[in-house]
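Asker: Numbering (UniProt numbering), first residue to last: 1 to 283.
Quick one: structure below, then a few questions.
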Ligand SMILES: [Zn+2]
């Protein structure tokens with residue numbers, strides 16, 4: 001089993017996020033990885049934080065050419081695992097569904113609701129891969145979609161840095177690329193859901209299917225369509241707020257990397273125990 005601390009020379013921790021996260025690191029090495037599911041969004045960029053080796057993967061490609069519904073999520077998670085990654089951090093921009101979750105709020109969700117459609121969301125779909133491997137049927141336990149250890153480290157780290165995070169909540173993931181209508185936004189809020197995003201699923205379930213820890217750090221960039229009198233959310237607004245907060249989000253992320261345990265004892269590490277998948281996971 002690969003050491004989660006990257007002590008075997010490979011990356012133990014993966015961050016699915018754009019160049020704003022790794023461009024400040026010294027000695028970043030770019031590697032290309034192909035997978036049985038096709039190419040990932042981009043190269044992996046390997047760097048080191050506090051002695052831990054980290055693989056960064058720009059979710060939308062380095063030039064942001066991929067909309068959320070065109071991302072090859074299976075290839076992304078498989079590529080990270082192939083590089084040695086066992087713990088994944090998934091920062092993302094979301095819309096707030098409650099008035100108190102304004103722009104700049106950091107939420108570490110503990111639940112998600114899948115409102116996507118047409119995305120490949122399992123490695124175990126029984127379809128033969130190009131290399132001839134055909135999976136068996138696997139029904140993954142997914143009651144708690146996020147790594148409890150990763151969540152705890154993320155929350156403690158944000159608090160330590162003076163950024164009072166929201167502990168828990170439900171991320172509703174929509175297909176996109178359009179934003180919600182006012183009616184959809186009202187409906188999402190009425191369900192008691194906390195934030196709405198476009199990439200948090202199937203990232204989380206695919207990570208679990210590969211026995212990877214996955215922790216989502218959701219940065220609220222807008223109030224979705226929820227404000228009855230507002231113009232509704234625009235892409236420019238999302239980019240602006242994300243840009244304003246990228247610095248402190250990066251600081252939190254780097255400290256989370258440093259704070260993740262070297263050895264895993266969470267449910268994620270044994271998610272496939274006792275299940276016959278027919279698919280050999282990359283070491
Ligand atoms: Zn875990």
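Every residue, glycine too, gets a C-beta built ideally from N, C-alpha and C.
Using DSSP's beta-bridge definition, name the partner residues of residue 113.
Answerer: 172.
Asker: Using only CA atoms, which one of 280, 113, 90, 273 lies nearest to residue 13?
Answerer: Answer by Cα proximity: 90.
Asker: Could you tell me if the beta carbon of residue 264 falls within a distance shorter than 7 Å of some heavy atom in ligand 1?
Answerer: Correct: residue 264 has its Cβ closer than 7 Å to ligand 1.
Asker: Taking DSSP as the reference, what is the three-state secondary structure of residue 2?
Answerer: Low confidence applies here, because residue 2 scores a pLDDT of 45, under 50, leaving its location unreliable and the question unanswered by this model.
Asker: Assuming residue 28 and residue 46 make a contact with CB atoms under 8 Å, what is their CB distance in whole Å?
Answerer: Contact holds; Cβ gap of about 7 Å.
Asker: Taking the alpha-carbon positions, what's the residue 61 to residue 93 distance?
Answerer: Computed Cα separation, rounded: 16 Å.
Asker: Excluding the five sequence neighbours on either side, which residues of its own chain have a C-beta within less than 6 Å of the C-beta of residue 192, listed in chain order?
Answerer: Closer than 6 Å at Cβ, skipping near neighbours: no residue.
Asker: CB residue 76 to CB residue 41, shorter than 8 Å?
Answerer: Yes, the Cβ-Cβ distance between residue 76 and residue 41 is below 8 Å.
Asker: Please classify residue 68: does DSSP put it in a helix, a strand, or coil?
Answerer: Residue 68: helix per DSSP, three-state reduction.
Asker: One question on the structure: do residue 78 and residue 210 come within less than 8 Å of each other, judged by their Cβ atoms?
Answerer: Yes.
Asker: Given that a residue counts as buried once 16 or more other Cβ atoms are within 10 Å of its Cβ, and exposed if not, what is residue 31?
Answerer: Exposed, because fewer than 16 other Cβ atoms sit within 10 Å of the Cβ of residue 31.
Asker: Please report the Cβ distance between residue 80 and residue 112, rounded to the nearest whole angstrom; I am assuming they are in contact, meaning their Cβ atoms lie under 8 Å.
Answerer: About 19 Å separates the two Cβ atoms, so there is no contact after all.
Asker: Counting only runs of 4+ residues fully inside the segment 197–230, write out the alpha helix (DSSP H) ranges in chain order.
Answerer: Qualifying alpha helix (DSSP H) stretches, in chain order: 200–209.
Asker: Have a look at residue 207 and residue 147 and give me their C-alpha separation to the nearest angstrom.
Answerer: C-alpha separation (whole angstroms): 10 Å.
Asker: Taking 8 Å as the cut-off, decide whether the C-beta atoms of residue 107 and residue 220 are in contact.
Answerer: Yes, Cβ-Cβ distance for residue 107 and residue 220 is below 8 Å.
Asker: Give a yes or no on whether the C-beta atoms belonging to residue 95 and residue 205 are separated by under 8 Å.
Answerer: Cβ atoms of residue 95 and residue 205: not closer than 8 Å.
Asker: With DSSP collapsed to three states, give me the class of residue 149.
Answerer: Helix.
Asker: How about residue 16 and residue 258: are their beta carbons less than 8 Å apart?
Answerer: Contact flag unset, no.
Asker: For residue 214, which option in 260, 64, 23, 67 has the closest C-alpha, if you only look at C-alpha atoms?
Answerer: Ranking 260, 64, 23, 67 by Cα distance to residue 214 puts 260 first.
Asker: Starting from residue 52, follow its DSSP beta bridges and name the residues at the other end.
Answerer: 49.
Asker: Would you give the residue range spanned by the alpha helix (DSSP H) that residue 284 belongs to?
Answerer: With the chain represented from 1 up to 283, any question about residue 284 goes unanswered, as that position is not in the structure.
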